[in-house]
Each structure stands twice: as structure tokens, then as C-alpha cells.
Amino acid sequence: MSRAVILDRSSGHTLDLVRSVSRGIVASGKQKTAIRSSFSIERSEPVAKYRQIYERLAERMKTGEYAAESKLPSETELMQEYEASRGTVRKALDLLQEHGYVRKHHGKGVFVLQRDQIEFQFNGIVSFSEVYASLLGRSIQTSVASFEEIEAPTWLADRMNLDPGTRMYRVERVRNFDGEDVILDVNYFVKDLVPGLTKEIAARSIYGYVEHELGLQISYAKRKIAAEDVTELDRLRLDLHDYEYVIVITNDTFLYEGKQFEYTESRHRLDKFQFSDVARR
Numbered sequence: 041m042s043r044a045v046i047l048d049r050s051s052g053h054t055l056d057l058v059r060s061v062s063r064g065i066v067a068s069g070k071q072k073t074a075i076r077s078s079f080s081i082e083r084s085e086p087v088a089k090y091r092q093i094y095e096r097l098a099e100r101m102k103t104g105e106y107a108a109e110s111k112l113p114s115e116t117e118l119m120q121e122y123e124a125s126r127g128t129v130r131k132a133l134d135l136l137q138e139h140g141y142v143r144k145h146h147g148k149g150v151f152v153l154q155r156d157q158i159e160f161q162f163n164g165i166v167s168f169s170e171v172y173a174s175l176l177g178r179s180i181q182t183s184v185a186s187f188e189e190i191e192a193p194t195w196l197a198d199r200m201n202l203d204p205g206t207r208m209y210r211v212e213r214v215r216n217f218d219g220e221d222v223i224l225d226v227n228y229f230v231k232d233l234v235p236g237l238t239k240e241i242a243a244r245s246i247y248g249y250v251e252h253e254l255g256l257q258i259s260y261a262k263r264k265i266a267a268e269d270v271t272e273l274d275r276l277r278l279d280l281h282d283y284e285y286v287i288v289i290t291n292d293t294f295l296y297e298g299k300q301f302e303y304t305e306s307r308h309r310l311d312k313f314q315f316s317d318v319a320r321r
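Position one of the sequence shown corresponds to residue 41 (the numbering used here), numbered consecutively onward.
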């Protein structure tokens with residue numbers, strides 16, 4: 041499901057996009073014979089070939105071998121370099137684009153993007169730790185500003201179809217990027233569905249805890265992006281400078297069996313936000 045409302049440029053104030061997204065699982069490929077080339081791909085681990093090409097190209101961008109705004113080699117050149125099919129190379133390039141490393145320009149090629157903005161993937165469900173694991177060399181920290189157990193307020197109980205008095209965890213987490221507090225996440229989790237959540241877990245990865253410790257499968261999210269006025273809480277938690285608006289991403293996230301376990305508002309400073317998606321005809 042998707043909905044888009046065009047930005048009102050006269051006010052610069054409205055951006056409303058809604059889409060249902062799923063949390064996917066990448067299957068590993070079978071082990072294959074080692075490739076012999078100047079940039080050979082290690083085959084000691086059974087990782088899909090397109091994924092290995094993606095990781096190798098991403099690493100070359102991180103080290104500056106492929107500088108920001110430079111053009112990547114053509115598909116044909118990459119096919120020869122990695123001894124891969126065109127479909128495999130395209131799959132690797134698609135993944136690079138999804139993760140905000142590159143942009144494809146029809147008829148011109150594939151170009152490396154600046155990585156100083158915080159990229160948000162609109163077409164998947166990922167945790168903060170998953171998104172920023174790729175940003176090597178950058179100082180990125182999470183601090184838990186508030187952690188409390190509450191009764192679901194009426195507006196939230198109505199939104200999540202919960203019984204009055206349902207116990208919730210409310211968490212405020214601040215994301216610091218290169219010394220500046222630029223993202224505020226306000227999370228609400230149903231206590232019965234995410235038992236045992238602690239402040240220490242919240243400082244690491246709540247999704248990691250849900251999936252790996254509790255053994256639950258996160259299935260899909262209903263997501264909305266909007267530009268909103270800065271609030272007092274935003275001013276308290278974030279380094280906003282003179283910005284009067286923030287980008288707010290709301291997530292209603294569901295488990296595999298269809299139960300909603302989370303509602304989140306992720307509030308981003310304007311200059312440190314971008315979202316990426318892959319559109320297909």
C-alpha cells in the first residue's frame with residue numbers, strides 16, 4: 041500500500057508519504073569456485089555473489105577509491121572485473137542504491153553519493169545499528185534519554201487497537217552523528233509482546249533483542265513521512281541550530297502473526313536526512 045502527497049513548495053511544509061514495507065531475509069548463495077582477478081572475491085563463506093560484489097564496491101567507496109560524485113565503471117567493466125553475469129552486477133548495483141551509496145542516472149551511468157547525510161531506507165525495515173554499520177570511520181552513538189513503563193495513552197490505544205490500561209515501554213533515544221544530536225526516536229512497545237526490555241538493551245538494538253533473544257519475526261510496517269514544526273522536546277534533545285522543521289517518520293510495526301508491537305516517531309534534523317527507494321515500472 042502506498043500514498044503520496046505532493047510537497048507544497050509555497051510553504052515548504054508538507055511532505056506526506058505512506059507505504060507498507062516488509063522486513064526481508066536475504067538467502068545465502070551456494071559456495072562456488074574462487075574467482076581469479078585483480079579484485080578477487082573470497083569464496084570461503086557461502087555468500088551470494090551479488091552480495092560479495094556489493095560489499096567489495098561499498099568498501100572501495102568507504103576508503104575513497106571511488107570518491108563521492110565519481111562515476112562507477114560500466115556494467116560491462118564490472119562484469120569483466122568480477123567475472124559475473126549482467127544480472128548479478130545489476131543486483132549488486134541495486135543494493136548499493138537501496139543503501140544510499142550510489143544513484144543511477146539513465147543514459148549516464150552510476151554515480152557515488154556523498155555519505156554525510158543520514159540515509160533512511162523507505163523500502164525496508166531496518167534497525168539503526170543495521171543502517172549505520174556501513175558508515176565506517178564516522179562517529180555514531182546512541183544514548184537513551186528516557187526509559188519508562190506507562191499505561192498506553194488513549195490516542196495510542198486507539199491507534200494500536202489496544203485495551204485501556206495496556207502496559208507499554210516508552211523509550212526516547214538520541215542518535216549522535218559526528219558529535220551532533222540529529223535524530224530523536226520516541227518508541228512505544230507493548231510490554232506483553234516485548235517482555236524484559238531494559239534501558240541497556242535499548243541502547244544497543246531493540247530489534248536485535250526482539251528477533252534474536254525473544255525469537256519473534258518482524259513482518260511489516262505502515263510508514264509515514266512528514267515535515268513538522270519543531271517541538272519543545274525536539275529543542276531539548278536535538279542540536280537544531282536555526283531549523284524550524286524536522287522530518288518525522290512514523291512507524292506502526294507488526295509481528296509475523298499480525299500483532300502490532302511498536303509505534304515509533306523518528307524525528308530527524310532537516311540537513312542530515314535523506315530517504316532512498318527503488319522504483320520499478
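Where a beta carbon is used, it is the ideal one built from N, C-alpha and C, also for glycine.
Does DSSP put residue i in a helix, a strand or coil?
i	result
residue 89	helix
residue 286	strand
residue 198	helix
residue 234	coil
Compare the beta carbon distance of residue i and residue j with 8 Å and say whether it is the shorter of the two.
i	j	result
residue 242	residue 187	yes
residue 142	residue 129	no
residue 286	residue 263	no
residue 106	residue 132	no
residue 246	residue 254	no
residue 305	residue 214	no
residue 283	residue 228	no
Taking only the alpha-carbon atoms, compute the straight-line gap between residue i and residue j and give it to the nearest angstrom.
i	j	result
residue 276	residue 183	14 Å
residue 252	residue 148	43 Å
residue 260	residue 298	9 Å
residue 239	residue 200	23 Å
residue 191	residue 234	15 Å
residue 232	residue 207	8 Å
residue 144	residue 290	28 Å
residue 267	residue 111	32 Å
residue 127	residue 114	13 Å
residue 265	residue 313	12 Å
residue 98	residue 202	43 Å
residue 193	residue 269	22 Å
residue 230	residue 209	7 Å
residue 220	residue 180	9 Å
residue 311	residue 185	22 Å
residue 91	residue 150	18 Å
residue 271	residue 139	30 Å
residue 123	residue 117	10 Å
residue 102	residue 248	25 Å
Have a look at the DSSP bridge pairing and note the partners of residue i.
i	result
residue 191	207
residue 226	212, 305
residue 180	217
residue 186	212
Are there any heavy atoms of the ligand GDP lying less than 7 Å away from the beta-carbon of residue i, as far as the coordinates show?
i	result
residue 275	Although the ligand GDP was asked about, the structure shown includes no ligands whatsoever.
### Query
Taking the runs of the alpha helix (DSSP H) that are 4 residues or longer, which of them lie wholly in the segment 100-160?
115-122, 126-138, all fully within the segment 100-160.
### Query
Enumerated in chain order, which unbroken segments of the beta strand (DSSP E) with a length of 3 residues or greater are wholly contained in the segment 253-317?
As far as the segment 253-317 is concerned, its whole beta strand (DSSP E) runs of at least 3 residues are 258-269, 285-295, 300-309, 313-316.
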